[in-house]
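Okay, so here's the structure we're looking at.
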Amino acid sequence: MDTADGNRNDDERFMRMALREAIKGAGNVSPNPLVGAVAVQNGAVMARAYHRKYGDLHAETALLKKLTPEQSRGATIYVNLEPCCHVGKTAPCTTALMNAEVTRVVIGMQDPNPLVDGKGIRLLRNAGIEVTVGVCEAEARRLNAPFLTYMEKHRPWLLLKVAQSLDGRIALSNGVSRWITGEASRKEVHRIRARLDAVLVGVLTVIDDDPELTVRHVKGRNPVRIIADSKLRIPLGARLLKQSQPERTWILTTSDADAAKRAQLSRMGIQFVDCARTSDGKVDMRDAMRQLASRGITSILVEGGGTVHAALLTEGLCDELIVAVAPLLIGSDGRASVGHLALNTLDEAPSFKTYRTATFGDDHWFYLERDVHGHS
């Protein structure tokens, strides 16, 4: 972390306030990052703000609008991401900070966007403003993991969620899975759906579960509904095909798809993403992710089934994993949470590390992130 004057403990305390502000924009700012800002004078918080929705004021500008010139002059501004320095839908935040005559800016992390990427920091320093970078950086990076993945890897950030029994089964042998986990877990899943851009399932999940893939148990906007279906096996009566805004239902398909059925689905308003196919005729997930990123999708909640899970894990496309474990046993004839991975050694196994645990009702949740130092 860059060194600068200021109490480190105070810096971390105020930065965590900025992070708590930033999360309030979840579900509304994509493809922009989540950004919160806090203004401090003589150890006292003068104002807080966050980026509310895409196209709206950035956090820093919204913050400065809450301050009088006397309050902003000489203030320290805490912001979890480097202020922008380019003209987009709004004016540069660096210009607003300089015009406000703030004394110091404390930044959680540098912005990887090539239009910024350190330029904002340099502009502030060249204007005589003291800048500290890297306060609570790990928390700042986790908060904006979708934005960072989108910028650095040019694909959406993928959160794979598995609701399973104690013995790793997500359904009975006949496909029945309602409900393995309890109501509290289902409510939390809907909260996650509302925060991410899209939810993705395989066509077998649609055939077996007939999900709606909407947000119902909490307030929030519905994500884009994405189905991996190389041959268009989706039933025409599926509930997700009957949701409002059919143009927000997208099917990842291939050249193997039935042309007549595709035309019928198109007339219903369903959108298609034409993807390359793998050697066994499935949707090429790497190609699919590139195409989804080009359409502005920065984050995806993957909700099944085992075949889709295995495909994404094999390609190394899963960034984080949530395993919700219910206290029941299904047996070896049940459907596994992850399909065939074709491993020859344990060193080839996808490896994760737990960074948080939680309990929802009787279910135990494990939050895991990809272990870059573990197995490949």
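In the working numbering, the protein residues as written are 2 to 377. Even for Gly, the Cβ is constructed at its ideal location relative to N, Cα and C.
request  = Pick out whichever of Gly-28, Ser-73, Pro-34 and His-59 has its Cα sitting closest to the Cα of Cys-45.
outcome  = It is Ala, not Cys, that sits at residue 45 in the sequence shown. Checked all of Gly-28, Ser-73, Pro-34 and His-59; the closest Cα to Ala-45 is Ser-73.
key: C-alpha distance - Asp-6 paired with Arg-192, whole-angstrom precision   = Residue placement at Asp-6 is poorly supported in this model, since its pLDDT is 44, which falls under 50; the coordinates still yield a value, given next. C-alpha separation (whole angstroms): 40 Å.
ask   = Is Pro-351 closer than 9 Å to Gly-317 when the C-beta atoms are compared?
value = A contact, by the Cβ cut-off of 9 Å.
ask   = Are three or more beta carbon pairs between the segment 22-32 and the segment 45-58 nearer than 8 Å?
value = Yes: the two stretches touch, three or more of their Cβ pairs being nearer than 8 Å.
message = Tell me the DSSP secondary structure of Arg-1 in three-state form.
response = Residue coverage of the chain in this structure runs from 2 to 377, which leaves residue 1 outside it and unanswerable.
ask   = Looking at Pro-157 and Thr-315, is the spacing between their C-beta atoms short of 9 Å?
value = The answer is no: Cβ separation not under 9 Å.
message = Let's test the definition: count the other Cβ atoms within 10 Å of the Cβ of His-310 and tell me whether it reaches 16, buried, or not, exposed.
response = Counting every other CB atom within 10 Å of its CB across the protein chains shown gives His-310 a total of 16 or more, marking it as buried.
inquiry  = Give me the residue from Pro-113, Gly-297, Pro-115 and Asn-223 with the minimum Cα distance to Leu-241.
reply    = The candidate whose alpha carbon is nearest that of Leu-241 is Asn-223.
ask   = In its own chain, which residues sit with a C-beta less than 6 Å from the C-beta of Asn-114, not counting the 5 before and 5 after it?
value = Met-152, listed in sequence order.
Coarse secondary structure for Ala-19, derived from DSSP in three states = Ala-19 carries a helical assignment under DSSP once its states are collapsed to helix, strand and coil.
key: Which residues DSSP lists as bridging Val-163, in chain order   = Note: Val-163 sits in a beta bridge opposite Val-324.
message = Whole angstroms are fine: how far does the CA of Arg-226 sit from the CA of Leu-214?
response = A direct Cα-Cα distance of roughly 6 Å separates Leu-214 from Arg-226.
request  = Identify which residue in Gly-28, Cys-137 and Lys-188 has its Cα closest to the Cα of Val-219.
outcome  = Among Gly-28, Cys-137 and Lys-188, the Cα nearest to that of Val-219 belongs to Lys-188.
Backbone secondary structure at Ile-193 - three-state DSSP = If DSSP states are grouped into helix, strand and coil, Ile-193 belongs with the helices.
Cβ shell of Pro-147 (< 6 Å), same chain only, five flanking positions each side left out = Only Trp-158, Thr-299 and Ser-300 meet the Cβ criterion.
query = According to DSSP, what are the bridge partners of Lys-1?
reply = What the structure shows of the chain is the stretch from 2 to 377, and residue 1 is not part of that stretch, so it cannot be assessed.
query = How big is the Cα-Cα spacing for Leu-369 and Thr-77?
reply = Here the alpha carbons of Thr-77 and Leu-369 stand approximately 35 Å from one another.
query = Is Thr-182 near Ala-337, with beta carbons less than 9 Å apart?
reply = No, the Cβ-Cβ distance between Thr-182 and Ala-337 is not below 9 Å.
Other residues of its chain near Gly-221: CB distance less than 8 Å, five sequence neighbours each side excluded = Around Gly-221, the same chain offers Gly-28, His-191, Arg-192, Arg-194, Ala-195 and Arg-196 as residues with beta carbons nearer than 8 Å, after the five sequence neighbours per side are excluded.
key: Endpoints, the beta strand (DSSP E) within which Glu-131 is located   = Following the DSSP letters along the chain, one finds Glu-131 inside the beta strand (DSSP E) bounded by residues 131-134.
ask   = Using the C-alpha atoms, what's the distance from Glu-13 back to Leu-173?
value = Each residue's alpha carbon lies about 48 Å from the other.
task = Pull up the CB-CB distance for Thr-254 and Ser-280, whole angstroms please, since I reckon it's below 8 Å.
result = Between Ser-280 and Thr-254 the Cβ distance is about 17 Å, and since that is not below 8 Å, they are no contact.
query = For the candidate residues Leu-161, Ala-141 and Trp-180, whose alpha-carbon lies nearest to that of Phe-353?
reply = Of Leu-161, Ala-141 and Trp-180, the smallest CA-CA separation from Phe-353 is found for Leu-161.
request  = Rank Arg-371, Phe-361 and Met-16 by C-alpha distance to the C-alpha of Pro-328 and give the top, closest one.
outcome  = The closest CA to that of Pro-328, considering only Arg-371, Phe-361 and Met-16, is found on Phe-361.
query = What's the call for Thr-95, buried or exposed, on a 16-neighbour Cβ count within 10 Å?
reply = It is buried - the Cβ of Thr-95 has at least 16 other Cβ atoms within 10 Å.
request  = Counting only the same chain and skipping the five closest in sequence on each side, list residues whose C-beta sits under 7 Å from that of Gly-119.
outcome  = These residues qualify, in order along the chain: Gln-111.
request  = Check His-365 in the structure and name its three-state DSSP category.
outcome  = Strand, per DSSP.
Cβ-based neighbour list, Val-132, same chain, cut-off 6 Å, excluding 5 preceding and 5 following = Closer than 6 Å at Cβ, skipping near neighbours: Val-106, Ile-122, Leu-125 and Arg-126.
message = Considering Cα atoms alone, identify which of Met-47, Thr-69 and Pro-236 is closest to Ile-208.
response = Considering only Met-47, Thr-69 and Pro-236, the residue with the shortest C-alpha distance to Ile-208 is Pro-236.
request  = Enumerate, from N- to C-terminal direction, the unbroken beta strand (DSSP E) stretches of 3 or more residues contained entirely within the segment 98-124.
outcome  = Complete beta strand (DSSP E) runs here, min 3: 105-110.
ask   = To which residues of the same chain is Val-204 closer than 7 Å at the C-beta, ignoring the five residues directly before and after it?
value = Beyond the five residues adjoining it in sequence on each side, Val-204 comes within less than 7 Å, by CB distance, of Ile-228, Ala-229, Asp-230, Arg-234 and Ile-235 in the same chain, given in chain order.
key: Unbroken stretches of the alpha helix (DSSP H), 4 residues or longer, contained in the segment 247-293   = Within the segment 247-293, the runs of alpha helix (DSSP H) at least 4 residues long that lie entirely inside it are, in chain order, 260-268.
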